[in-house]
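Novice: Before we start, here is the structure in question, set down as structure tokens.
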Amino acid sequence: MQVGYKLPEVTFHTRVRDESIEGPNPFRWEDKTTADYFKGKRVILFSLPGAFTPTCSTYQLPGFENGHSDFADLGIDEIYCMSVNDSFVMNKWALDQGLKNVKVIPDGSGEFTRRVGMLVRKDNLGFGLRSWRYAAVVNDGVVEAWFEEPGLCDNHGEDPYGVSSPETVKEWLTENKATSAA
12 MQVGYKLPEV TFHTRVRDES IEGPNPFRWE DKTTADYFKG KRVILFSLPG AFTPTCSTYQ
72 LPGFENGHSD FADLGIDEIY CMSVNDSFVM NKWALDQGLK NVKVIPDGSG EFTRRVGMLV
132 RKDNLGFGLR SWRYAAVVND GVVEAWFEEP GLCDNHGEDP YGVSSPETVK EWLTENKATS
192 AA
């Protein structure tokens with residue numbers, strides 16, 4: 012992935028709450044496209060190996076959630092968390108994490124992740140195909156900054172974390188804002 016790259020057009024199969032549906036599962040399917048999420052907005056997209064996993068649930072997702080107002084002050088309209096998990100899992104994880112600011116995007120088939128070159132095998136952990144950990148600043152569907160963890164490969168023995176952290180992205184945005192204002 013490179014700065015200046017236009018994100019691929021993909022359709023994401025999501026489940027959204029619909030109050031007109033009665034019963035214990037008031038959700039309906041809603042397809043959303045890359046354009047629905049990214050067109051006309053400056054966003055942070057971060058992707059991780061899996062919902063409910065330790066680093067993702069303890070550091071990365073909470074860091075972006077808790078830093079939301081700082082990111083908004085730095086010109087970010089939305090923050091999206093993507094994983095190669097289905098919508099049911101992503102929605103339950105968002106509920107479990109008490110998300111109010113970060114929105115989840117389910118890449119259940121891994122199509123988006125594959126097309127941005129971040130789909131890796133994690134069979135060594137029993138995960139199958141998953142996303143390599145990364146973050147990006149995306150402006151109107153075009154990559155403005157890219158933060159990829161080192162060592163991209165199948166069945167990596169570790170789960171590197173730091174380059175794609177909220178702190179790293181915030182530092183880049185702060186430096187970029189200062190440079191832009193000069």
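For what it's worth, my numbering labels the leading residue of the sequence shown as 12, then goes sequentially. Quick reminder that beta carbons are idealized off the backbone N, C-alpha and C, glycines included.
With DSSP collapsed to three states, give me the class of Trp157.
Specialist: If you number the sequence shown from 1, residue 157 lands on position 146. If DSSP states are grouped into helix, strand and coil, Trp157 belongs with the strands.
Novice: Closer than 8 Å by C-beta to Asp151: which residues in its own chain qualify, once you throw out the five before and the five after it? Chain order, please.
Specialist: The residue given as residue 151 occupies position 140 in the sequence shown. Excluding sequence neighbours, Asp151 sits near Phe49, Lys50, Gly51, Lys52 and Arg53.
Novice: Taking C-alpha atoms, which residue in Leu59, Ala147, Asp29 and Gly119 lies nearest to Trp157?
Specialist: What you label residue 157 is simply residue 146 of the sequence shown in a count that begins at 1. Checking every option, the nearest Cα to that of Trp157 belongs to Ala147.
Novice: Can you name the start and end residues of the alpha helix (DSSP H) that Trp104 belongs to?
Specialist: Locating residue 104 in the sequence shown gives position 93, where the first residue counts as 1. Start and end: Ser98 to Gln108.
Novice: What does Val115 pair with, by DSSP beta-bridge criteria?
Specialist: Here residue 115 corresponds to residue number 104 of the sequence shown, with the count starting at 1. Paired residue(s): Cys92.
Novice: Rounded to a whole number of angstroms, what is the C-alpha to C-alpha distance between Arg144 and Pro60?
Specialist: Residue mapping note: residue 144 aligns to position 133 of the sequence shown, counting from 1. Residue mapping note: residue 60 aligns to position 49 of the sequence shown, counting from 1. Looking at the two C-alpha atoms, the distance is approximately 6 Å.
Novice: Could you tell me the distance, in whole angstroms, from the CA atom of Phe99 to the CA atom of Arg26?
Specialist: Translated into the one-based positions of the sequence shown, residue 99 becomes position 88. Translated into the one-based positions of the sequence shown, residue 26 becomes position 15. Cα to Cα, the separation comes out at about 7 Å.
Novice: Nearest-angstrom Cα distance between Thr124 and Ser175?
Specialist: Here residue 124 is taken as the residue at index 113 of the sequence shown, counted from 1. Here residue 175 is taken as the residue at index 164 of the sequence shown, counted from 1. Going from the Cα of Thr124 to the Cα of Ser175 covers about 16 Å.
Novice: For Trp40, which beta-bridge partners are listed by DSSP?
Specialist: Translated into the one-based positions of the sequence shown, residue 40 becomes position 29. The partner list for Trp40 (beta bridge, DSSP) reads Arg26.
Novice: Return the residue from the list Trp183, Gly119 and Phe138 that minimises the CA-CA distance to Asn166.
Specialist: Taking the first residue of the sequence shown as 1, we reach residue 166 at position 155. The shortest C-alpha separation from Asn166 is found at Phe138.
Novice: Considering Cα atoms alone, identify which of Gly109, Glu76 and Lys114 is closest to Ser94.
Specialist: Here residue 94 refers to the residue found at position 83 when the sequence shown is read from its first residue. Ranking Gly109, Glu76 and Lys114 by Cα distance to Ser94 puts Lys114 first.
Novice: With a CB to CB cut of under 8 Å and the five nearest residues on each side skipped, what residues in its chain are close to Tyr70?
Specialist: By 1-based counting over the sequence shown, the position of residue 70 is 59. Contacts found: Tyr172 and Ser176.
Novice: When the Cα of Gln108 is compared with those of Pro73, Thr45, Thr179 and Arg28, which residue comes out closest?
Specialist: Position 97 of the sequence shown, counting from 1, holds the residue named residue 108. Out of Pro73, Thr45, Thr179 and Arg28, Pro73 has the C-alpha closest to the C-alpha of Gln108.
Novice: Going by C-alpha to C-alpha distance, which of Ser120, Lys103 and Leu85 sits closest to Asn187?
Specialist: Taking the first residue of the sequence shown as 1, we reach residue 187 at position 176. Comparing Cα positions, the closest option is Leu85.
Novice: Three-state secondary structure (DSSP) at Arg144?
Specialist: Within the sequence shown, residue 144 is the residue found at index 133, counting from 1. Coil, per DSSP.
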